[in-house]
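Protein chains: 2
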Amino acid sequence: MFMGASTQQGEEIAIKSRKIVKSLIKDKISGFNLLEIDIMERIVHSTADIDYADLVRFSNNFTDIALKSLRANEDILTDITMVKSGITQYNGNVECFIKNKDVIAISKENQITRAAASVEFASQNDFEGVIVIGNAPTALFKAIELFNEGKLNVKAIIGVPVGFVAASESKEELSKSKIPYIITNGPKGGTPVAVAAINSLISKI
Amino acid sequence: MFMGASTQQGEEIAIKSRKIVKSLIKDKISGFNLLEIDIMERIVHSTADIDYADLVRFSNNFTDIALKSLRANEDILTDITMVKSGITQYNGNVECFIKNKDVIAISKENQITRAAASVEFASQNDFEGVIVIGNAPTALFKAIELFNEGKLNVKAIIGVPVGFVAASESKEELSKSKIPYIITNGPKGGTPVAVAAINSLISKI
C-alpha cells in the first residue's frame, strides 16, 4: 500500500494526489536527489501548499546520514506528542519526553520551555539518533547548543518549527551548524511537515 | 498561561506571535464574531500561513452550537490519532477509532477507508458531539451522508481535510449541508488547522 493508506479507497486518493503533487512541483526539483524529492513531494502532499517546494533546504549529507541512523534503529526524538503520533511505521523507539516528570523539573529549574528541557533530558540520557522538531524553536536552539558543546549525539535534525517568532532564526542557526539538516526557510513549517519528512525516510529503510 | 504554553519562555513566544498574527490579519476579520476571530488567529498562528484568514468559512451558528456541545462535555471524534493528540485540555472524551478492530472490519467489509469506517462505527455506537476532521475527506463525506440519513447525532463539524483530491469537494458538500461547520476553502487544511479550531473553542468553555 502507498503513503500509509490501508484500503483501496484511501490508496486511490493517495496515488491521484501524489500525481498532482508531482506535476505541480516538477519545475522545482532539479538538483535534488531522489530521497530529497520524495520528502518534498510528501510535504506538499500533506500541506497542499506548493510554497514548500521553494522553502525546503537540505544539507548535502542529510538524507544519507539520517537514513543510516534510521537503518540502525537509532532513536527518534520528537518535540511534541502530535509529531510522535504521526510516526507509526518505525521499528526503533520514537520518544517524546514533554510530559516526563524530570523534564518538567528541568524546565522549571532552568526557566526554559518543556520542549527545550526534553532535549536537555535526552542529552543527559545518552540519546543517539534523529531529532524531529515541528513546533518548538526553543527545542531546536537547545539541540544546536548541546551539539556544539559535544553533549548531544544527534545524527541529523528535521528542523521545521513553525511560527512568526524565533522559528526562522532557529532554522537559520541549524543551517549554519555542522548537524545534517532539513529546514524550511521562513516562518512556515509544523507537525505535518515534520511528519512527512521523517515518514519519507522511514519508508526508504 | 496562554496558548498552551506551560513556561514563561513559551508564553513569551506565544504572546509575541499572537500579536504579529493579529496585525497580519486585522484587515480580514470584519464581519466575524469574537470566537471566530480567535479561531482564525489560532489557525494562522499554528500554520504561519496568512492565506487561512481568507480561506476559513463558518456557518452562522457554528461557534454557538459547537461551544454548547463542548460545554455539555459531549464527545469529540477525530479522524486520525495526530488530531486527537493535539487536544489535551478537554474534560469530555476525545475519541479516535481508526485502530479499533470493529472499524477495521467495517472498512474491509464496505471497502471504505478506516477514517470513513470510524464515523460509521461512531454512528452505530450512538455518538453525540463534535467531529474534527483534519485529513480524511472520506470521513467527512461519510459524516454528511449519515447525518442526512438521520443516523449520526453530530452537533457541529470542524471539516478541514487537506489535499488535492476530494478534500475541497468534501468541504463544499459540508457547507451545503445543515450541519454547523467550519471549513477551509480549497485544498489547504490539515491537522494543525483542525487542532487550532477545536482548542480555541475548548479554551472558551
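Protein sequence lines correspond, in order, to chains A and B.
Those letters in the first sequence? Residues 3 to 207, by my numbering.
Those letters in the second sequence? Residues 3 to 207, by my numbering.
Every residue, glycine too, gets a C-beta built ideally from N, C-alpha and C.
As the structure is a computational prediction, the values presented were derived from the model and not from experiment.
| Asked | Found |
| --- | --- |
| Between Gln11(A) and Thr80(B), which are expected to be in contact by the criterion C-beta below 8 Å, what is the C-beta distance as a whole number of angstroms? | Incorrect: roughly 19 Å between the Cβ atoms, too far for contact. |
| Spell out the partners DSSP gives Arg59(A) in its beta bridges. | Ile185(A) |
| If we cut at 7 Å on Cβ distances, does Leu203(A) have a partner in chain B? | no |
| On the premise that Gly136(B) lies in contact with Ala209(B), defined as a C-beta separation below 8 Å, what is that separation, rounded to the nearest angstrom? | No statement about residue 209(B) is possible, as the shown extent of chain B runs from 3 to 207 and does not include it. |
| With a cut-off of 7 Å, does the C-beta of Thr193(B) fall near any C-beta of chain A? | yes |
| Using the rule of at least 16 other Cβ atoms within 10 Å of the residue's Cβ for burial, across every protein chain shown, is Gly152(A) buried or exposed? | exposed |
| My output table needs one value for Val134(B): the three-state DSSP class, helix, strand or coil. | strand |
| Could you name the residues that DSSP lists as bridge partners for Val156(B)? | Gly131(B) |
| Are the C-beta of Phe123(A) and some C-beta of chain B separated by less than 7 Å? | no |
| Name, going along the chain, the residues of the region 76-102 of chain A whose beta-carbon falls closer than 7 Å to a beta-carbon of chain C. | Of the chains in the structure shown, none is chain C; the protein chains are A and B. |
| So for Thr80(A), helix, strand or coil by DSSP? | strand |
| State buried or exposed for Ser205(A), treating a residue as buried only when at least 16 other CB atoms are found within 10 Å of its CB. | exposed |
| Within the 7 Å Cβ cut-off, does Met3(A) reach chain B? | Low per-residue confidence applies at Met3(A): pLDDT is 49, beneath 50, and the placement is therefore not dependable, though the value from the model is reported in the following sentence. Output row for Met3(A): interface = no. |
| Label Glu178(A) either buried or exposed according to how many other C-beta atoms from any shown protein chain fall within 10 Å of its C-beta, with 16 as the threshold for buried. | According to the sequence displayed, residue 178(A) carries Lys and not Glu. When all chains shown are included, Lys178(A) counts as exposed. |
| Helix, strand or coil for Met3(A)? Go by DSSP, reduced to three states. | Any reading at Met3(A) is ruled out, since the residue's pLDDT is 49, under 50, leaving its predicted position unreliable. |
| Would you say the region 161-169 of chain B touches the region 133-149 of chain B, given that touching needs at least three Cβ pairs under 8 Å? | yes |
| With a threshold of 7 Å between beta-carbons, can Ser172(B) be considered close to chain A, or not? | no |
| Between which two residues does the alpha helix (DSSP H) harbouring Phe24(B) extend? | Position check: residue 24(B) holds Lys in this sequence, whereas Phe was assumed. Element bounds for Lys24(B): 10-27. |
| Taking all protein chains shown into account, decide if Ser32(A) is buried (16 or more other Cβ within 10 angstroms of its Cβ) or exposed. | exposed |
| For Ile17(B), count neighbouring C-beta atoms within 10 Å of its own C-beta (all shown protein chains included) and say buried if the count is 16 or more, exposed if not. | exposed |
| For Ala198(A), which residues from the same chain have a beta carbon less than 6 Å from its beta carbon, with the 5 sequence-adjacent residues on both sides left out? | Arg44, Ile45, Ser48 |
| What separation, rounded to the nearest whole angstrom, lies between the Cα atoms of Ser61(A) and Glu175(B)? | 43 Å |
| Taking 7 Å as the threshold (beta carbon to beta carbon), is Phe143(B) in contact with chain A? | no |
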